[in-house]
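Let me begin by presenting the structure, written as structure tokens, before commenting on it.
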Amino acid sequence: MLVIEAKLKGTQSQYSKLDEAIRTGQFIRNICLRHWEDNKGVTRNDLQKLCSVLAKNQETPWTKKLNSQARQAHADRAWSAIQRFYENCRLGKPGKKGYPKYQKFSRSVEYKNSGWKLSADRKKITFTDGFEVGTMKLWSSRNLIWYSEKQISRVRVIRRADGYYAQFLIAWDRLQEHEFQGKMTGIDLGLKEFYTDSDGNTVENPRYLRKSEGRLKRLQRRVSKKHIKGKKQSNRYQKARKALAKQHLKVSRQREEKARKDALALVKSNDLIVYEDLKIQNMVKNNRLAKSISDASWYKFTQWLQYFAKVHGVIVIAVPPHNTTVDCSCCGAKVKKTLSTRTHRCSKCGIILDRDHNAAKNILAKGFKLLSEYLNSTVGHTESGVKSSFIAGRN
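For the sequence shown, position 156 (counting from the first letter as 1) is numbered 156 according to our numbering, and the numbering increases by one without interruption.
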């Protein structure tokens, strides 16, 4: 699946109608969730039928304005949340199971194959449902002219701090040629450096949130000063609130771009990548490190790493992080360290390494062990070209 995003340019009246469509989609999702709570044995098909009932109901006539397939798409959103909750309960996931919640501030509405129409040059989109949004311009660095409307499975309209965007979900199998040379690396994610690989190379941690904290605090003070409790907020308050939201959006985009570029560079230069499978949700419970961990954006990086690995046909393995910092990568002896100890000194073999470099070597060894066990268990079966190339490079 390929996602192409374009900014929507239109009038204030058109933006208001898009807001109405977003609120209607939120209402349908919440009604579907309430229907599931009030009735036993509700299925996905029951939620789909409920959408047509809402459109015909005299108490909710505004729901008919939203395209029928868009109504079903929001019923699917509710069912996805329900299904995820059931799956977590079935697997016995520790802690919270992710019980579905009602949405209060939804920012998107989703259309399937109808309710919208692209112009011949793919530079305009027309929304044809009951909200009568009309035609809006599309601003994007990617050209949609290469894809037919049949390939576009969904169109998602998203409201952000700096405007409205349309996301086109295109059925496309993206594959890139990769020259396999038998290179492999293990990476240790950290806060001092974004990551350190098993060869001792490091990538800088940019700390985008920390660098923007001064401006964010000033903008937050302006919002607080202009807020009047219990009354309708002024235009100056709304202006200050939007400025704060735009700054947060800028930080988010910087993290996303950094994670994407680093992941692509790593995949292009290696045939086997091993990283530690960190439980980030548990780690951010540490009040002293939560902000720094969130600012590092490890999760986005690993998500992009897995995506580009599929595109390039590269092997990516996630290994448990237990004892990767404590074990000596040379002799295997355990060397206890505090969080402030940045150098690994083994009293048994005498090796001296950077703490993260030592951990990266242990991570690579763990990943290579898991891969060897997998290959040994598949003896007698034809191995893929990726594995064969990796083994050839290793030898």
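Note that beta-carbon positions come from the ideal geometry of N, C-alpha and C, so glycine has one too.
Straight-line CA distance for residue i to residue j?
i	j	result
residue 210	residue 130	45 Å
residue 144	residue 227	43 Å
residue 97	residue 152	33 Å
residue 290	residue 283	7 Å
residue 354	residue 295	23 Å
residue 351	residue 109	58 Å
residue 235	residue 26	26 Å
residue 404	residue 311	One cannot answer for residue 404 here, as it falls past the ends of the chain, which runs 1 to 395.
residue 125	residue 135	6 Å
residue 369	residue 286	32 Å
residue 308	residue 267	7 Å
residue 77	residue 100	10 Å
residue 44	residue 79	6 Å
residue 46	residue 32	9 Å
residue 161	residue 216	15 Å
residue 171	residue 2	6 Å
residue 10	residue 163	10 Å
residue 202	residue 193	6 Å
residue 390	residue 181	Residue placement at residue 390 cannot be trusted, given a pLDDT of 43 that sits under 50; the coordinates are not used to answer.
residue 66	residue 222	38 Å
residue 117	residue 198	51 Å
residue 264	residue 254	16 Å
residue 393	residue 329	Note that residue 393 scores a pLDDT of 39, beneath 50, so its modelled location is shaky; the value from the coordinates is reported in the next line. The straight-line gap from Cα to Cα measures roughly 22 Å.
residue 205	residue 94	32 Å
residue 276	residue 299	11 Å
residue 306	residue 213	31 Å
residue 132	residue 175	39 Å
residue 386	residue 358	Unreliable placement is indicated for residue 386, whose pLDDT of 43 sits below 50; no coordinate value is reported for it.
In terms of residue numbering, what span does the alpha helix (DSSP H) encompassing residue i cover?
i	result
residue 262	235-268
residue 34	12-38
residue 53	44-56
residue 218	208-226
residue 74	68-91
residue 195	Here residue 195 belongs to no alpha helix (DSSP H); instead the beta strand (DSSP E) covers 193-197.
residue 299	298-312
residue 280	280-283
Which two residues bound the contiguous beta strand (DSSP E) that contains residue i?
i	result
residue 352	352-354
residue 169	163-170
residue 158	152-160
residue 135	134-139
residue 6	2-9
residue 117	116-118
residue 122	No beta strand (DSSP E) holds residue 122; DSSP gives it neither H nor E.
residue 188	184-189
residue 288	Counting along the chain, residue 288 falls outside any beta strand (DSSP E), and DSSP gives it neither H nor E.
Using a 10 Å radius around the Cβ and a threshold of 16 neighbouring Cβ atoms, would you call residue i buried or exposed?
i	result
residue 302	buried
residue 139	exposed
residue 371	buried
residue 331	exposed
residue 338	exposed
residue 327	buried
residue 384	Any reading at residue 384 must be qualified, since the residue scores a pLDDT of 45, below 50, and its modelled position is unreliable; the value itself is stated next. Under this definition residue 384 is an exposed residue.
residue 382	Residue confidence for residue 382 is low, a pLDDT of 44 falling below 50, so the modelled location carries little weight; the figure read from the coordinates is stated next. So residue 382 counts as exposed.
residue 24	buried
residue 92	exposed
residue 262	buried
residue 168	buried
residue 395	For residue 395, the predicted model reports a pLDDT of 37, less than 50, meaning its position is unreliable and no value from the coordinates is stated.
residue 341	exposed
residue 373	exposed
residue 288	exposed
residue 343	exposed
residue 297	buried
residue 4	buried
residue 115	buried
residue 72	buried
residue 323	exposed
residue 208	buried
residue 105	exposed
residue 29	buried
Just to check my reading of the structure: residue i and residue j have Cβ atoms closer than 8 Å, yes? What is that Cβ distance to the nearest angstrom?
i	j	result
residue 51	residue 21	Not a contact, Cβ separation roughly 15 Å.
residue 55	residue 64	4 Å
residue 70	residue 111	5 Å
residue 356	residue 190	5 Å
residue 335	residue 349	About 10 Å; that fails the 8 Å criterion.
residue 396	residue 360	Nothing about residue 396 can be read from this structure; the chain reaches only from 1 to 395.
residue 244	residue 219	4 Å
residue 8	residue 165	6 Å
residue 178	residue 313	6 Å
Compare the C-beta of residue i against all C-beta atoms of chain D and say whether one is closer than 8 Å.
i	result
residue 261	Protein chains in the displayed structure number just one, and chain D is not present.
Report yes or no: do three or more beta-carbon pairs, one from the region 267-283 and one from the region 308-320, lie closer than 8 Å?
-> yes
Should the region 359-376 be regarded as contacting the region 175-191, the criterion being three or more beta carbon pairs within less than 8 Å?
-> yes
Flag this pair as touching only if the region 10-20 and the region 153-171 have three or more C-beta atom pairs under 8 Å; answer yes or no.
-> yes
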